[in-house]
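Okay, so here's the structure we're looking at.
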Amino acid sequence: MTYDLIIYNGDIITLEEELIDVQAVGVEDGTITKVWTGDFDPEEVTAKEWYNLEGKTLTPGFIDTHNHILMYSKMKSQVYCGPPENRSVDRLLATIKKEAQNQESTKWIIGYGYDDTMLEEQRHITREEIDRVAPDHPVFIRHISGHLAVVNSKALEVSDINDDVKDPSGGHFGRHEDGTLDGVLYELPVLEKVMRHLDQLTSDELTRLMIEASEDYIKEGITTNTDAAVGLDGGFSEYEEHIRAVTHPDFKLKMRYMVMDDVLNEKPFADLSADEVDSYISFQSNGQARLDSAKFFQDGSIQGYTGALRDGYHLHPEHNGALIHQQETLNEMFRNAHDRGFRIACHGNGDLAIDSIIQALTNALEKSPREGHLHRIEHLQTAKEEDLKRMAEYDIATSLFINHVYYWGDRHRDIFLGPERAEKLDPLNSVREHGLLYTLHSDNPITAISPLFSIWAAVNRVTRNGHVLGESEKIDTYEALKTMTLYGARLNDTEETNGSIQIGKEADFAVLGQNPLTIDPMVIKDINVVQTFIDGKPCIVE
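With full-length UniProt numbering, the residue at position 177 of the sequence shown is 177, and numbering never jumps.
Okay, structure coming up:
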């Protein structure tokens, strides 16, 4: 027999308990057809292609179950407004001014990465400050959380928004003490009132950026990826943008889509069951993409004070944030999606929102029981013990945004949650002990795409300032590796086809410069991804 590819001569981590001491892997037609345990002699087999690991490590391809690749692609054409370059109000305004000087006055200045809590002044910039450096350009700067933005007067004018505007359900406009708008926009229902007026990329420009983004993901060892909110900013047109990109011959990443519930309730999806939507997506994408779930939001961002907490914020205990939907409304929305056969994936950061999501999910499951539903709560930052018990009782899964611990852990401890609650931020080990199906994710572009960084964060739980946050919530490296591979396949309901190295599964692999199971856990994030294989074909071109 002649194999299309044989990979050998290194550490091979299969994540299958019975497959240890693996010496080589054989691939035919994009599928793993042979796994050699024990002795392996290259002289006794033939292959069209050989990949010599030279002592490096082979793992299953990484599966990121929650990020925003379309949003990330668009940000490649935008202005970076985050730290460390923009560490003060003056530095940030200088960045905006420089961009304004280089653009025609009618053109929008669109920025990303802005974080008020990383500014020296520890406050939001205002519309009046932006007006001084860009009086003739509409300016829209999105907060690092994705849930807030700051704009100037020209942006409000172009969007036909004045001081008399009413707050929509699920969001609000920031205001000065005299009631006039200060330029801060809180939550998606408010952001969309401005975003619909932004300059748009051409189809060709966006497809090119999507291909570049997919290559960034592949360079991190990711072979299967989920866009966690298709339609969030642009409705059905975002789905069309995805399809244009994923059907391009240069787009290699396997995709899954969480589609916003309002998009699923409009044509062409409105009258379709989940299986029918999945078939529709698979057909349109030439099999490159699949439906993941119906996506919902029930709160916002804790660092934006829009996450819904039971016990209020540490420095502002009188403020709890707010739920986006009334409980009865969320119950009805979930019940409708559940009865159409959709998996439900709902964003929940604060424990008040998590409790509300659990209520709505259990309501749907009690009225229409369904085995293997794989409903899930996204992020699960502040879940309490009673929440995890109820999730376990109803087999509710989750994907945790573990990178919070590093990027915001110090501020959650000191500003938002306080020391006690911060110790339980992203409670991985508690989730594991309750037997929940769970994964980790980057939420890119909120944090950089890197499965190895997420694994490092889960194992070490070290904050940006070097503190260990939640020693008891650490998990070991082998378990963390599973959260980005095997558990990702289980959450995607694709364990039969990917997530581990086993005969019959897709030949999706990552080649790592070091073995994460044998090195100092503190350097896992520094491991280099040498090569990524999708369906047995190398994808990283040096």
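Ideal Cβ positions, reconstructed from N, Cα and C, are used throughout, including at glycine.
Can you grab the Cα-Cα spacing for the pair residue i / residue j, in whole Å?
i, j, result
"residue 122", "residue 116", "6 Å"
"residue 501", "residue 13", "8 Å"
"residue 93", "residue 212", "29 Å"
"residue 105", "residue 136", "5 Å"
"residue 81", "residue 463", "22 Å"
"residue 140", "residue 465", "30 Å"
"residue 282", "residue 288", "7 Å"
"residue 361", "residue 18", "36 Å"
"residue 99", "residue 89", "16 Å"
"residue 327", "residue 357", "9 Å"
"residue 405", "residue 145", "14 Å"
"residue 412", "residue 381", "11 Å"
"residue 455", "residue 477", "7 Å"
"residue 472", "residue 182", "42 Å"
"residue 75", "residue 540", "23 Å"
"residue 299", "residue 359", "15 Å"
"residue 332", "residue 11", "50 Å"
"residue 576", "residue 253", "Because the chain is modelled from 1 through 542, residue 576 falls outside the range shown and cannot be assessed."
"residue 233", "residue 434", "35 Å"
"residue 424", "residue 518", "28 Å"
"residue 230", "residue 132", "36 Å"
Answer with yes or no whether the minimum CB distance from residue i to chain C is below 9 Å.
i, result
"residue 344", "Considering every chain present, this structure includes no chain C. It has just one protein chain."
What residues are listed by DSSP as bridge partners for residue i?
i, result
"residue 509", "60, 533"
"residue 180", "BP columns for residue 180 are empty, so no partner."
"residue 11", "57"
"residue 3", "47"
"residue 371", "Answer is none; residue 371 lacks a bridge partner."
"residue 172", "186"
"residue 377", "346, 398"
"residue 35", "25"
"residue 80", "112"
"residue 538", "533"
"residue 106", "For residue 106, which the question treats as bridged, DSSP gives no partner whatsoever."
By alpha-carbon positions, which one of the options ends up nearest to residue i?
i, options, result
"residue 370", "344, 350, 357", "344"
"residue 8", "100, 31, 45", "45"
"residue 194", "148, 36, 354", "148"
"residue 449", "32, 68, 2, 11", "68"
"residue 127", "404, 119, 156, 297", "156"
"residue 488", "505, 437, 217, 321", "437"
"residue 31", "3, 374, 513", "3"
"residue 73", "468, 216, 220, 385", "216"
"residue 543", "249, 230, 493, 453", "The requested residue 543 does not occur in the structure, where the chain is confined to residues 1 to 542."
"residue 507", "490, 536, 516", "536"
"residue 239", "277, 218, 222, 271", "277"
"residue 419", "403, 467, 378, 396", "467"
"residue 22", "28, 54, 58", "58"
"residue 107", "138, 134, 85", "138"
"residue 47", "27, 475, 383, 504", "27"
"residue 402", "475, 179, 110", "475"
Item to check | Sequence ranges, beta strand (DSSP E) only - wholly within the segment 381 to 428, length at least 3 | outcome: 397 to 400
Next on the checklist: I want to know whether the segment 419 to 433 touches the segment 190 to 209 - three or more CB-CB distances under 8 Å.
Outcome noted: no
Checklist entry - Does the pairing of the segment 437 to 451 with the segment 482 to 494 give three or more beta-carbon distances under 8 Å? => result Yes: the two stretches touch, three or more of their Cβ pairs being nearer than 8 Å.
Checklist entry - Should the segment 292 to 312 be regarded as contacting the segment 341 to 360, the criterion being three or more beta carbon pairs within less than 8 Å? => result Output reads yes: the segment 341 to 360 touches the segment 292 to 312.
Next on the checklist: List, from N- to C-terminal side, the beta strand (DSSP E) runs of 3 residues or more that fit wholly inside the segment 424 to 483.
Outcome noted: 438 to 440
Checklist entry - Taking only runs of the beta strand (DSSP E) that begin and end inside the segment 303 to 369, which ones reach a length of at least 3 residues, in chain order? => result 344 to 348
Next on the checklist: Please give the ranges of any alpha helix (DSSP H) in the segment 111 to 156, keeping only runs that are unbroken, at least 4 residues long and fully inside the region.
Outcome noted: 127 to 133
Next on the checklist: Restricting to runs no shorter than 4 residues, where is the alpha helix (DSSP H) found entirely within the segment 228 to 255?
Outcome noted: Within the segment 228 to 255, the complete alpha helix (DSSP H) runs of at least 4 residues are 236 to 246.
Checklist entry - Looking at C-beta atoms only, is the number of pairs between the segment 150 to 163 and the segment 308 to 315 that lie closer than 8 Å three or more? => result no
Next on the checklist: Below 8 Å, how does it come out for the segment 26 to 41 and the segment 59 to 68: are there three or more Cβ pairs, yes or no?
Outcome noted: no
Checklist entry - With a cut-off of 8 Å, do at least 3 Cβ pairs link the segment 446 to 460 to the segment 518 to 538? => result yes
Checklist entry - Using 8 Å as the Cβ pair cut-off and three pairs as the minimum, do the segment 224 to 236 and the segment 255 to 275 touch? => result yes
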